[in-house]
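Chemist: Residue numbers for the sequence shown follow the UniProt record's numbering, beginning at 1 and rising by one.
All C-beta atoms in this analysis are idealised placements derived from N, C-alpha and C, irrespective of residue type, glycine included.
Owing to the predicted nature of the structure, the values given are computational and were not obtained by experimental measurement.
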Amino acid sequence: MRTKERDKLHKDGLINFSMAFTAAGFLWSFLYFILGFPQSAIIPGAYALLSLLSLLFVFATGKYLAFRFLQFLFILILPVLLQLSLGGFENSGAVIIWAILCPLGALSFAPIRQGLIWFGLFLIVLVLSGFAEFYLDLPIPRVERNLQILFFVINIVGAGTLTFFSLYYFISKNKQEHDRAENLLLNILPEPIAERLKRNPSTIADGYQMVSILFADIENFTVISQKVSPETLVHFLNDIFSHFDLLAEKYRMEKIKTIGDAYMAAAGIPIWHENHAESAMNMAIEMQKFVKNLKDPSGNPLRMRIGIHSGPVIAGVIGKKKFAYDLWGDAVNTASRLESHGISGRIQISETTYDLLNDTSQIEIRRLVDVKGKGQMTTYLSYE
Numbered sequence: 001m002r003t004k005e006r007d008k009l010h011k012d013g014l015i016n017f018s019m020a021f022t023a024a025g026f027l028w029s030f031l032y033f034i035l036g037f038p039q040s041a042i043i044p045g046a047y048a049l050l051s052l053l054s055l056l057f058v059f060a061t062g063k064y065l066a067f068r069f070l071q072f073l074f075i076l077i078l079p080v081l082l083q084l085s086l087g088g089f090e091n092s093g094a095v096i097i098w099a100i101l102c103p104l105g106a107l108s109f110a111p112i113r114q115g116l117i118w119f120g121l122f123l124i125v126l127v128l129s130g131f132a133e134f135y136l137d138l139p140i141p142r143v144e145r146n147l148q149i150l151f152f153v154i155n156i157v158g159a160g161t162l163t164f165f166s167l168y169y170f171i172s173k174n175k176q177e178h179d180r181a182e183n184l185l186l187n188i189l190p191e192p193i194a195e196r197l198k199r200n201p202s203t204i205a206d207g208y209q210m211v212s213i214l215f216a217d218i219e220n221f222t223v224i225s226q227k228v229s230p231e232t233l234v235h236f237l238n239d240i241f242s243h244f245d246l247l248a249e250k251y252r253m254e255k256i257k258t259i260g261d262a263y264m265a266a267a268g269i270p271i272w273h274e275n276h277a278e279s280a281m282n283m284a285i286e287m288q289k290f291v292k293n294l295k296d297p298s299g300n301p302l303r304m305r306i307g308i309h310s311g312p313v314i315a316g317v318i319g320k321k322k323f324a325y326d327l328w329g330d331a332v333n334t335a336s337r338l339e340s341h342g343i344s345g346r347i348q349i350s351e352t353t354y355d356l357l358n359d360t361s362q363i364e365i366r367r368l369v370d371v372k373g374k375g376q377m378t379t380y381l382s383y384e
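(1) Hey, how far is the Cα of I188 from the Cα of Y325?
(2) Judging by CA-CA distance, which residue of I154, F57, Y380 is the nearest neighbour of F69?
(3) If we count the other Cβ atoms within 10 Å of its Cβ and call it buried at 16 or more, is G130 buried or exposed?
(4) Assuming the contact rule is C-beta atoms closer than 8 Å, P312 and M210 should be a hit. Round their C-beta distance to whole Å, please.
(5) Applying the 10 Å Cβ sphere with the 16-neighbour rule, what's the burial state of H235?
(6) Report buried or exposed for D296, applying the criterion of at least 16 other Cβ atoms within 10 angstroms of its Cβ.
(7) Answer yes or no: do K374 and T334 have a C-beta to C-beta separation smaller than 8 Å?
(8) Using a threshold of 8 Å, state whether the C-beta atoms of I298 and I347 are closer than that.
(9) Between which residues of its own chain and A248 is the CB-CB distance below 8 Å, once the five residues before and five after are set aside?
(10) Please list, in chain order, all residues of the same chain as A159 whose beta carbon is under 8 Å from its beta carbon, the five residues on each side excluded.
(11) Give the C-beta separation of G307 and G342 to the nearest angstrom, bearing in mind that I take them to be a contact with Cβ-Cβ under 8 Å.
(12) Cα-Cα, which of G62, L126, S336, G115 is closest to L78?
(13) For Q39, does the three-state DSSP call read helix, strand or coil?
(14) Give a yes or no on whether the C-beta atoms belonging to F21 and S51 are separated by under 8 Å.
(15) Rounded to a whole number of angstroms, what is the C-alpha to C-alpha distance between V153 and L35?
(16) Inspect the beta-carbon positions of L14 and F109 and report whether they are closer than 8 Å.
(17) Alpha carbon to alpha carbon, how far is M304 from G268?
(18) Restricting to runs no shorter than 3 residues, where is the beta strand (DSSP E) found entirely within the UniProt domain "Guanylate cyclase" (212–339)?
(19) For S92, name the three-state secondary structure that DSSP assigns.
(20) Quick check on Y135: buried or exposed, where buried means 16 or more other Cβ atoms within 10 Å of its Cβ?
(21) So, under 8 Å CB-CB, Y263 and A315 are touching, yes? Tell me the CB distance rounded to an integer number of Å.
(22) Using 10 angstroms around the beta-carbon of I213, count the other beta-carbons present and answer buried if the total reaches 16, otherwise exposed.
(23) DSSP on Q376, reduced to helix/strand/coil?
(24) Taking three-plus beta-carbon pairs below 8 Å as touching, is the segment 272–279 in contact with the segment 355–362?
(25) Can you list, in chain order, the residues of its chain with a C-beta nearer than 6 Å to that of R24? Leave out the 5 residues immediately preceding and following it.
(26) Rounding to the nearest angstrom, what Cα-Cα distance links R199 and Y64 in this structure?
(27) What is the rounded straight-line gap between the Cα of F170 and the Cα of K11?
(28) What do you reckon, are the CB atoms on H309 and S340 nearer than 8 Å?
(29) Check each candidate in F74, V223, A181, L84 and name the one with the smallest Cα separation from A48.
(30) To the nearest angstrom, how far is it from the Cα of F30 to the Cα of L81?
(31) Count the other CB atoms within 10 Å of the CB of W28; is the residue buried (16 or more) or exposed (fewer)?
(32) With a threshold of 7 Å on Cβ separation, who are the neighbours of V332 within its own chain once the five nearest residues in sequence on each side are excluded?
(33) Kindly indicate which three-state DSSP category Y208 falls into: helix, strand or coil?
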């Protein structure tokens with residue numbers, strides 16, 4: 001999770017936590033008052049007012065760190081004072097148990113080191129409270145046995161409930177952020193590759209003996225880009241490539257990347273399947289059907305070249321930052337050349353891909369093409 005998102009999560013969580021604790025303070029004050037302990041009622045009432053003022057303070061000034069310190073301090077000290085006013089652990093129902101929310105809150109909404117510090121302070125306060133009950137002459141109001149039991153029950157239930165829901169809020173928010181991060185990662189890398197990287201963040205390289213690579217490119221894109229605004233151009237490409245992404249998912253293709261107006265995808269990786277050539281061809285046919293009904297931002301009919309080649313590749317992830325899943329090998333270069341030497345509105349495939357197809361009814365002609373870096377190649381064109 002990024003630092004800004006984590007800080008906002010902590011801030012929102014502590015504010016909600018403090019609001020719940022403030023409400024609990026008012027309820028405790030009312031409870032002690034109606035039970036006949038007006039002096040003790042002052043303490044949670046005073047805390048609730050101070051907590052409310054600190055909430056107003058953070059909303060008005062935005063000074064979150066000062067607010068956080070005050071909240072933790074109030075939550076630590078309040079139960080101690082309340083317990084002493086009632087005469088100790090037994091009379092108060094061990095109301096000091098509420099102070100554990102201080103280090104728990106710090107652990108949830110502050111750096112871990114601060115959680116340890118506040119927990120140490122809680123232990124010190126707890127021990128000192130025990131010594132105070134033994135060695136100080138505390139005022140001991142008369143508390144009936146049934147009230148003592150009631151206080152124990154309310155303290156355990158109240159502190160436990162606030163602890164549970166505070167941690168529930170924090171954990172659920174963390175899970176939401178984790179799920180969002182997972183979805184972002186899966187939009188960058190194939191799921192099997194992402195899982196491998198999480199288990200072992202090292203270089204990933206896999207060899208495949210036969211996969212099919214598809215390259216698609218919009219004709220006259222440079223001319224189009226000079227005639228429209230950047231925003232219009234980006235929205236235009238996003239609409240087209242988003243549809244291609246859906247087709248890739250439909251035909252078990254793995255989108256590799258976009259390079260300007262070029263779209264690259266592969267079938268048979270990272271999980272190999274024998275129908276990779278069929279998948280690539282079917283996707284290419286639907287891409288051309290989709291594009292045929294579109295116009296570019298300048299109002300002219302949109303045209304696209306597509307090239308497909310099947311062969312061995314190396315696939316993997318390299319680098320430490322902004323990594324991406326990519327392909328290397330002669331098959332990749334050949335597929336790119338077939339696209340660049342192709343015909344607008346057509347799909348040009350290599351002889352290797354043609355031999356792998358079960359259905360060649362969409363193929364119109366066979367021809368020889370002088371491909372840069374490859375020489376004379378036998379290729380096949382789809383119907384227009």
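Modeler: Let me lay it out:
(1) Each residue's Cα considered, the two are about 8 Å apart.
(2) Selected option, being the one with the closest Cα: F57.
(3) It counts as exposed.
(4) Taking 8 Å as the upper bound for CB-CB distance, P312 and M210 are in contact here, some 6 Å apart.
(5) Label assigned to H235: exposed.
(6) D296 sits buried, since 16 or more C-beta atoms from the chains shown fall within 10 Å of its C-beta.
(7) Yes, these two residues count as a Cβ contact at 8 Å.
(8) The sequence given here has Ser at residue 298, not Ile. Their beta carbons are not under 8 Å apart, which means S298 does not touch I347 by this criterion.
(9) So the qualifying residues of the chain are E254, K255, A265, M283.
(10) Around A159: I97, W98, I100, L101.
(11) Right, the Cβ-Cβ distance comes to about 5 Å (below 8 Å), so this counts as a contact.
(12) Checking every option, the nearest Cα to that of L78 belongs to L126.
(13) Assignment of Q39 by DSSP, reduced to helix, strand and coil, places it in the helix class.
(14) In this structure, S51 lies closer than 8 Å to F21 by Cβ.
(15) Distance between the alpha carbons of V153 and L35 is about 15 Å.
(16) Going by C-beta atoms, L14 is nearer than 8 Å to F109.
(17) Each residue's alpha carbon lies about 24 Å from the other.
(18) Within the UniProt domain "Guanylate cyclase" (212–339), the complete beta strand (DSSP E) runs of at least 3 residues are 253–259, 262–267, 304–317, 325–328.
(19) S92: helix per DSSP, three-state reduction.
(20) Flag for Y135 reads exposed.
(21) That pair is no contact at about 17 Å.
(22) With 16 or more other Cβ atoms within 10 Å, it is buried.
(23) The three-state reading of DSSP puts Q376 in strand, counting E and B together.
(24) Per the Cβ contact rule, the segment 272–279 is in contact with the segment 355–362 (3 or more Cβ pairs under 8 Å).
(25) With the sequence shown as reference, residue 24 is identified as Ala, and Arg is not the correct amino acid for it. Excluding sequence neighbours, A24 sits near nothing in its chain.
(26) Straight-line Cα distance between these residues: approximately 37 Å.
(27) Taking the straight line from one Cα to the other gives about 11 Å.
(28) For H309 and S340, no; Cβs fall outside 8 Å.
(29) The shortest Cα separation from A48 among F74, V223, A181, L84 belongs to F74.
(30) Looking at the two C-alpha atoms, the distance is approximately 17 Å.
(31) When all chains shown are included, W28 counts as buried.
(32) Hits under 7 Å: I213, V313.
(33) Correct three-state label for Y208: strand.
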